[in-house]
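Chemist:
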Amino acid sequence: RPETPAMKIGTLVHAAILEPEVFYLDYAIFSGDRRTKAGKEEWSSLMAEGFIPVTSAEFEMAERMNESVRKLEGVQEALDECMFEASCFYQDPTTGAACRFRPDAWHKENDVIYDVKTCQDASPQAFAKDMAKFGYHIQAAHYCEGVAQITGVWPRFIFLAVEKEAPY
Numbered sequence: 076r077p078e079t080p081a082m083k084i085g086t087l088v089h090a091a092i093l094e095p096e097v098f099y100l101d102y103a104i105f106s107g108d109r110r111t112k113a114g115k116e117e118w119s120s121l122m123a124e125g126f127i128p129v130t131s132a133e134f135e136m137a138e139r140m141n142e143s144v145r146k147l148e149g150v151q152e153a154l155d156e157c158m159f160e161a162s163c164f165y166q167d168p169t170t171g172a173a174c175r176f177r178p179d180a181w182h183k184e185n186d187v188i189y190d191v192k193t194c195q196d197a198s199p200q201a202f203a204k205d206m207a208k209f210g211y212h213i214q215a216a217h218y219c220e221g222v223a224q225i226t227g228v229w230p231r232f233i234f235l236a237v238e239k240e241a242p243y
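If you're matching positions, the sequence shown starts at 76 in the numbering used here and goes up one per residue.
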């Protein structure tokens with residue numbers, strides 16, 4: 076599917092929270108106007124250098140969202156012990172189908188999967204609606220099944236829902 080503005084922000088925030096080294100190496104602030112010749116040249120230059128251009132507002136928002144998530148009790152410590160974006164494979168025991176999953180963060184010792192989701196409203200009621208609307212519960216079940224097939228233990232699955240507006 077084509078990337079939407081919401082997906083772009085989600086990817087940016089995902090990198091800021093889970094892969095700060097990627098965030099600071101891959102993203103660059105674009106300060107120009109893409110409608111002008113100079114702006115188009117600046118954009119092209121950043122892309123040619125291998126950067127993903129974002130506005131300063133987007134970059135700063137992602138940094139603040141990262142800070143907000145990592146201030147939650149136990150999150151910083153848990154994420155410090157996780158594997159990030161590990162490609163995992165297993166064979167479905169019922170169908171024999173080859174399956175793949177890629178959890179945002181997997182704390183193998185504690186049997187926990189963390190998944191970062193950006194949203195407008197992280198309240199339990201609103202996020203439950205987002206889960207149903209976007210099928211997050213299906214993703215969670217697939218990842219848990221994969222971990223169970225690999226380790227023999229059904230993990231806990233925790234969504235790290237972060238709002239797109241301050242205080243995040």
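Glycine included, each C-beta is placed from N, C-alpha and C at the ideal position. Note that this is a predicted model, so its numbers are computed, not measured.
Applying the 10 Å Cβ sphere with the 16-neighbour rule, what's the burial state of residue 235?
Modeler: On the sequence shown, residue 235 is found 160 positions in, with the first residue counted as 1. Burial call: buried.
Chemist: At a cut of 8 Å, does the region 181-190 reach the region 143-158 through at least three beta carbon pairs?
Modeler: With the cut-off at 8 Å, the region 181-190 and the region 143-158 touch.
Chemist: Quick one: what's residue 112 bridged to in DSSP?
Modeler: As a first step, residue 112 is located in the sequence shown; it is residue number 37 there, counting from the start. For residue 112, which the question treats as bridged, DSSP gives no partner whatsoever.
Chemist: With distances taken between CB atoms, is the gap from residue 134 to residue 104 smaller than 7 Å?
Modeler: In the sequence shown, counting from the first residue as 1, residue 134 sits at position 59. In the sequence shown, counting from the first residue as 1, residue 104 sits at position 29. In contact: residue 134 and residue 104 (Cβ atoms closer than 7 Å).
Chemist: What span of residues does the alpha helix (DSSP H) with residue 245 cover, start to end?
Modeler: The shown model of the chain, from 76 to 243, leaves out residue 245, and the question about it has no answer.
Chemist: In terms of alpha-carbon separation, which member of 194, 111, 204 lies closest to residue 82?
Modeler: The residue you call residue 82 lines up with position 7 of the sequence shown. Residue 82 has its Cα closest to that of 194, out of 194, 111, 204.
Chemist: Report yes or no: do the region 96-116 and the region 197-212 share at least 3 C-beta pairs separated by less than 8 Å?
Modeler: At 8 Å Cβ cutoff, the stretches do not touch.
Chemist: Apart from the five residues on each side of it in sequence, which residues of its chain come closer than 6 Å, Cβ to Cβ, to residue 114?
Modeler: Position 39 of the sequence shown, counted from the first residue, corresponds to residue 114. Excluding sequence neighbours, residue 114 sits near 107, 108.
Chemist: For residue 233, which of 239, 168, 144, 111 has the nearest alpha-carbon?
Modeler: Within the sequence shown, residue 233 is the residue found at index 158, counting from 1. Nearest of 239, 168, 144, 111 to residue 233, Cα basis: 144.
Chemist: What ranges does the alpha helix (DSSP H) occupy inside the region 182-233, keeping only unbroken runs of at least 4 residues that lie completely in it?
Modeler: Counting only runs of 4 or more, we get 199-209, 211-226.
Chemist: Between the beta-carbon of residue 191 and the beta-carbon of residue 137, is there less than 7 Å?
Modeler: On the sequence shown, residue 191 is found 116 positions in, with the first residue counted as 1. On the sequence shown, residue 137 is found 62 positions in, with the first residue counted as 1. No.
Chemist: From this set, 218, 147, 77, which residue's C-alpha is nearest residue 174's C-alpha?
Modeler: The count along the sequence shown starts at 1 and reaches residue 174 at position 99. Nearest of 218, 147, 77 to residue 174, Cα basis: 218.
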